[in-house]
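Enquirer: Per this note's numbering, the very first residue in the sequence shown carries number 1; after that it's consecutive.
Questions regarding the structure given below will be posed in turn.
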Amino acid sequence: MKMIAIHHSNGGFHPRWIEYCKRNAIPFKLVDCFANDLISQLEGCHALMWHHSQNDPKALIAAKPILFAIEHAGIKVFPDFRTNWHFDDKLGQKYLLEALGVPMAPSWVFFNKQEALHWSEHTTYPKVFKLRGGAGSANVKLVKNRYQAAKLIKKAFGRGFPNYDKWESFRERFRKWKLGKTDFVDVLKGAARFAKSPDFARIAGRERGYVYFQEFMPNNDHDIRIIVIGDKAFAIKRMVRKNDFRASGSGNIRYEKANFREEWVKMAFQINEKIKAQSLALDYVFKDGKPLVVEISYGFAPEGYDSCVGYWDRNLNWYEGPIDPYGWMVDLAISHRNV
Ligand SMILES: Nc1ncnc2c1ncn2[C@@H]1O[C@H](COP(=O)(O)OP(=O)(O)O)[C@@H](O)[C@H]1O
Ligand SMILES: [Mg+2]
């Protein structure tokens with residue numbers, strides 16, 4: 001059997017991939033994707049798997065080019081190009097979803113301050129402001145009127161926005177601590193961030209030169225995330241924070257099957273027939289009961305899905321019981337079939 005290379009890391013999907021390989025006697029080798037001799041480390045390997053995330057500074061610099069180069073040279077990678085190029089890039093996602101005709105929240109991007117200001121004076125409110133990157137709702141804000149919009153636009157074409165919002169992050173840690181979802185050390189870490197930004201934010205620099213808004217979809221007390229991996233899909237429902245419209249990162253998750261309609265799962269499979277990603281998480285909010293995509297992502301925090309109670313196949317048959325999406329990813333990486 002052919003060998004899989006797995007990036008050496010204790011976080012994300014990696015330990016679960018390794019466990020699956022061990023359990024199923026799938027040969028694997030640990031490699032360091034940041035090593036200068038990565039290509040020679042990959043000798044004899046059929047595939048490379050690497051769960052790179054948006055807040056690893058080194059991955060921000062190099063993960064996409066490294067993976068794309070290796071895929072270009074004919075080695076199978078997870079995540080591959082179609083899965084990965086738009087990761088943590090809501091601007092790329094806007095163009096992709098529009099071009100593929102995927103139902104999404106209407107979105108506006110401007111690369112010109114005057115055009116953005118003109119639009120902000122004539123549009124309706126509220127709108128949702130987003131940076132192109134970020135997770136857990138950290139870089140997503142409600143814009144209530146044209147004055148708030150103008151302020152954001154001026155900043156976008158002026159000093160720009162840091163990728164890490166110190167106040168927002170501190171408030172979020174405090175909120176989680178009050179709810180018993182994190183310890184006080186985490187709050188103290190948030191306070192320390194006022195003195196020194198995290199490495200990833202210093203590497204990523206400031207966001208400037210564009211501004212991105214979405215139509216606000218009111219009355220959503222949750223979002224729905226459906227994840228498609230190959231022929232299988234699973235789902236979670238995330239409730240919004242108290243007095244807030246944002247669900248992702250709230251930590252308040254529902255898992256029971258009754259929360260999910262089959263038509264939403266069917267739509268997720270249909271969307272992935274167009275995107276052809278190895279792993280695709282779709283975040284839906286709803287307008288008049290119809291799902292609209294607000295974000296896509298190949299990666300996710302595994303802990304949030306350990307309580308999922310089953311999965312659907314492409315024909316919408318339901319399989320009750322614990323799920324192993326990480327094993328499914330390994331199976332995709334060793335199969336000859338493309339998604
Ligand atoms: N256009 C929108 N209308 C209403 N709610 C939205 C909209 N976009 C995002 N949200 C809410 O904000 C949350 C975060 O937005 P999202 O774009 O998914 O960013 P993140 O990458 O931080 O998860 C979502 O989980 C959803 O609850
Ligand atoms: Mg999201």
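Positions of the beta carbon are idealized from the N, C-alpha and C atoms, including for glycine.
Everything numeric in this text was worked out from a predicted model, so none of it was measured.
Which residue marks the beginning of the alpha helix (DSSP H) containing MET267, and which one marks its end?
Expert: If you number the sequence shown from 1, residue 267 lands on position 267. It spans 262-275 - the alpha helix (DSSP H) in which MET267 sits, taken as one unbroken run.
Enquirer: What residues in its chain sit with their C-beta under 6 Å from that of PHE28, if we drop five residues either side in the sequence?
Expert: Locating residue 28 in the sequence shown gives position 28, where the first residue counts as 1. So the qualifying residues of the chain are ILE4, ILE6 and CYS21.
Enquirer: Around the Cβ of ASP37, are there at least 16 other Cβ atoms within 10 angstroms (buried) or fewer (exposed)?
Expert: The residue you call residue 37 lines up with position 37 of the sequence shown. Per the 10 Å Cβ criterion, exposed.
Enquirer: For TYR328, which of helix, strand or coil comes out of DSSP?
Expert: Mapped onto the sequence shown, residue 328 falls at position 328. Here the sequence assigns Trp to residue 328, which means Tyr is not the residue at that position. In this structure, TRP328 counts as helix in the three-state DSSP scheme.
Enquirer: From ALA105 to PRO65, what distance separates their C-alpha atoms?
Expert: Along the sequence shown, read from residue 1 onward, the residue named residue 105 stands at position 105. Along the sequence shown, read from residue 1 onward, the residue named residue 65 stands at position 65. Approximately 30 Å between the Cα atoms of the pair.
Enquirer: Can the beta-carbon of TYR284 be found less than 8 Å from the beta-carbon of TRP312?
Expert: The residue labelled residue 284 in the question sits at position 284 within the sequence shown. The residue labelled residue 312 in the question sits at position 312 within the sequence shown. Cβ atoms of TYR284 and TRP312: not closer than 8 Å.
Enquirer: Closer than 8 Å is the cut-off here; do at least three beta carbon pairs connect the segment 152-168 with the segment 201-220?
Expert: yes
Enquirer: Mind listing, in chain order, the residues whose beta carbon lies closer than 6 Å to a non-hydrogen atom of ligand 2?
Expert: SER248, ASP283 and GLU295
Enquirer: Please tell me whether PHE194 and LYS166 are closer than 8 Å, where the distance is taken between their beta carbons.
Expert: Within the sequence shown, the letter at position 194 stands for residue 194. Within the sequence shown, the letter at position 166 stands for residue 166. Yes, they are a contact pair.
Enquirer: Is GLY289 near ligand 1 - that is, is its Cβ less than 7 Å away from at least one heavy atom of it?
Expert: Taking the first residue of the sequence shown as position 1, residue 289 is located at position 289. GLY289 Cβ: outside cutoff for every heavy atom of ligand 1.
Enquirer: Once DSSP output is grouped into helix, strand and coil, what is the label at GLY11?
Expert: As a working note, residue 11 is residue 11 in the sequence shown. DSSP places GLY11 in coil when its eight states are reduced to three.
Enquirer: Taking the runs of the alpha helix (DSSP H) that are 4 residues or longer, which of them lie wholly in the segment 146-198?
Expert: 146-156, 166-178 and 184-192
Enquirer: Quick check on SER40: does DSSP put it in helix, strand or coil?
Expert: Within the sequence shown, residue 40 is the residue found at index 40, counting from 1. Helix, per DSSP.
Enquirer: Can you look up SER53 in the DSSP assignment and give me helix, strand or coil?
Expert: By 1-based counting over the sequence shown, the position of residue 53 is 53. Residue state, collapsed to three classes: coil.
Enquirer: Can the beta-carbon of LEU60 be found closer than 8 Å to that of PHE200?
Expert: The sequence position of residue 60 within the sequence shown is 60, counting from 1. The sequence position of residue 200 within the sequence shown is 200, counting from 1. In terms of Cβ geometry, LEU60 and PHE200 form a close pair [threshold 8 Å].
Enquirer: Nearest CA to the CA of LYS113: which residue from GLN278, ASP306, TYR212 and ASP56?
Expert: On the sequence shown, position 113 is the one that residue 113 refers to. The residue among GLN278, ASP306, TYR212 and ASP56 with its C-alpha nearest the C-alpha of LYS113 is TYR212.
Enquirer: Would GLY101 be called buried (16 or more neighbouring beta carbons within 10 Å of its own) or exposed?
Expert: Here residue 101 refers to the residue found at position 101 when the sequence shown is read from its first residue. With fewer than 16 Cβ atoms within 10 Å of its Cβ, GLY101 is classed as exposed.
Enquirer: Please report the distance separating the alpha-carbon of HIS14 from that of ASP56.
Expert: Residue numbering aside, residue 14 sits at position 14 when the sequence shown is read from its first letter. Residue numbering aside, residue 56 sits at position 56 when the sequence shown is read from its first letter. Those two C-alpha atoms are separated by around 14 Å.
Enquirer: So what does DSSP say about CYS45, is it helix, strand or coil?
Expert: Here residue 45 corresponds to residue number 45 of the sequence shown, with the count starting at 1. When secondary structure is reduced to three states using DSSP, CYS45 falls in the strand class.
Enquirer: If you compare alpha carbons, which of SER9, SER53, LYS257 and LEU117 is closest to ASP32?
Expert: Stepping through the sequence shown from its first residue, residue 32 is reached at position 32. Of SER9, SER53, LYS257 and LEU117, the residue nearest in Cα terms is SER9.
Enquirer: Going by DSSP, which residues form a beta bridge with GLN406?
Expert: In this structure the chain extends from 1 to 339, so residue 406 is not present and cannot be described.
Enquirer: Does the pairing of the segment 66-80 with the segment 324-334 give three or more beta-carbon distances under 8 Å?
Expert: Taking a contact to require three or more Cβ pairs closer than 8 Å, the segment 66-80 and the segment 324-334 qualify as touching.
Enquirer: For GLY310, which three-state DSSP category applies?
Expert: Counted from its first residue, the sequence shown places residue 310 at position 310. Strand at GLY310.
Enquirer: Can you determine whether any heavy atom of ligand 1 sits closer than 7 Å to the C-beta of GLY158, and answer yes or no?
Expert: As a position in the sequence shown, residue 158 is number 158, starting the count at 1. It does not: the Cβ of GLY158 is nowhere closer than 7 Å to a heavy atom of ligand 1.
Enquirer: Buried or exposed for ALA99, going by 16 or more other Cβ atoms inside 10 Å?
Expert: Against the sequence shown, residue 99 aligns to sequence position 99. It counts as exposed.
Enquirer: Measuring alpha carbon to alpha carbon, tell me which residue in ALA149, PRO218 and ALA62 is nearest HIS122.
Expert: For the purposes of this step, residue 122 is taken as the residue at position 122 of the sequence shown. For the residues ALA149, PRO218 and ALA62, the minimum Cα distance to HIS122 belongs to ALA149.
Enquirer: Apart from the five residues on each side of it in sequence, which residues of its chain come closer than 6 Å, Cβ to Cβ, to LEU179?
Expert: Locating residue 179 in the sequence shown gives position 179, counting from the first residue. Answer for LEU179: no residue qualifies.
Enquirer: Based on Cα-Cα distance, which residue from PHE269, ILE224 and VAL143 lies nearest to GLU256?
Expert: On the sequence shown, residue 256 is found 256 positions in, with the first residue counted as 1. The shortest C-alpha separation from GLU256 is found at ILE224.
Enquirer: When DSSP labels each residue in this structure, what does HIS86 get in the three-state scheme?
Expert: In the sequence shown, residue 86 corresponds to position 86, counting from 1. HIS86: coil per DSSP, three-state reduction.
Enquirer: Could you please give the first and the last residue of the uninterrupted beta strand (DSSP E) stretch that includes SER297?
Expert: In the sequence shown, counting from the first residue as 1, residue 297 sits at position 297. 290-297 is the extent of the beta strand (DSSP E) around SER297.
Enquirer: Where DSSP assigns a beta bridge to TYR319, which residues make up the other side?
Expert: Along the sequence shown, read from residue 1 onward, the residue named residue 319 stands at position 319. Answer is TYR311, bridged to TYR319.
Enquirer: Specify whether the segment 128-140 and the segment 82-95 touch according to this definition: at least 3 beta carbon pairs, one from each stretch, less than 8 Å apart.
Expert: With the cut-off at 8 Å, the segment 128-140 and the segment 82-95 touch.
Enquirer: Judging by CA-CA distance, which residue of LEU67, GLN270, PHE245 and GLN214 is the nearest neighbour of LYS231?
Expert: As a position in the sequence shown, residue 231 is number 231, starting the count at 1. The sequence as given places Asp at residue 231; Lys does not occur at that position. Of the listed residues, the one whose Cα sits closest to ASP231 is GLN270.
Enquirer: For a test of the three-state rule: what should DSSP assign to LYS144, helix, strand or coil?
Expert: For the purposes of this step, residue 144 is taken as residue 144 along the sequence shown, with counting starting at 1. It is coil, neither helix nor strand.
Enquirer: Going by other Cβ atoms of all chains shown within 10 Å of its Cβ, with 16 needed for buried, is PHE245 buried or exposed?
Expert: Here residue 245 refers to the residue found at position 245 when the sequence shown is read from its first residue. Burial call: buried.
Enquirer: Compare the C-alpha of THR182 against each of ALA192, GLY251, VAL143 and MET217 and name the closest.
Expert: Walking along the sequence shown from the start, residue 182 turns up at place 182. The shortest C-alpha separation from THR182 is found at GLY251.
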